[in-house]
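K.L.:
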Amino acid sequence: MFANENKENHVEGTTDETLIKLPSSGLVQEWTPAKDVITSAKGAIPKNNPPTPQAYKALAKYKKKREEAESRLAEEEQKKREFHAKPMPNFKTCHQKLDEQVVIHYVTVPLTPKVLKHSQEAQEKFKKKLENLKREEDELRKFQSRPATVLKTKPFIPEKSDVAVEQCPFNLSMERRLQERKQYDEALRRRQEERQKQEEDDRKRLEEEFVEEFRKATLFKAQPYSRDRDMDETT
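Okay, so the sequence shown: first residue is 1 according to the UniProt record's numbering, each after it adds one.
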């Protein structure tokens, strides 16, 4: 009796929402009761026509396609595992092709950097220049005989003349440069004197103008008598 009551209490505590308590026989319902469908709310589903999920309709189709793909992959793997013997090669044709083939020997040329390339060109130019200089020196060293014209010409005989040596006037460049320097110094002195004289005249003129302006400013000028001014002062 106490065991049945404890079992009923346990069922009530664990399955308040999903399980229904039965009489004290100890049986428990193993399915969830259907929930009440709300029909009064806006957009509610009618109770008589419950919707069927679309995924369950395509479940069989997806399952069939998956099985077909798995079977196809299994067949392909089985075919790959099968042993297929290759035919024996025709060595006669292979040997004939090798005999007819022309062997071409390729020469690999290394790629040199620009610095090395320019240095090689400079060395070649220098070598050519040395060869040209050596060739010219060899040509100059060659002995080339000249015709003996001295044997055919008459010997030099100096002529005696009775005319004495005439003296001609001459002018040294030092004297000419001395005259040019004197002229330059004289012209420079005149220009300096003219500039000093002009500066002195300008200074005197400015002083006279300043004195004249100062005298005009300090000169007393009598103002005429005005009766209206006296009346204004008295008022």
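Ideal Cβ placement from N, Cα and C applies to all residues, glycine included.
Nearest-angstrom Cα distance between Arg135 and Glu124?
P.N.:
One Cα belongs to Arg135, the other to Glu124, and the distance between them is close to 17 angstroms.
K.L.:
For Met88, name the three-state secondary structure that DSSP assigns.
P.N.:
coil
K.L.:
In whole angstroms, what separates the C-alpha of Met174 from that of Glu180?
P.N.:
Cα to Cα, the separation comes out at about 10 angstroms.
K.L.:
Express the C-alpha separation of Glu100 and Tyr106 in angstroms, rounding to a whole number.
P.N.:
19 angstroms
K.L.:
Along the chain, which unbroken stretches of the alpha helix (DSSP H) at least 4 residues long are found entirely within the segment 92-149?
P.N.:
114-141
K.L.:
Alpha carbon to alpha carbon, how far is Ala187 from Glu194? Give it in angstroms, no decimals.
P.N.:
11 angstroms
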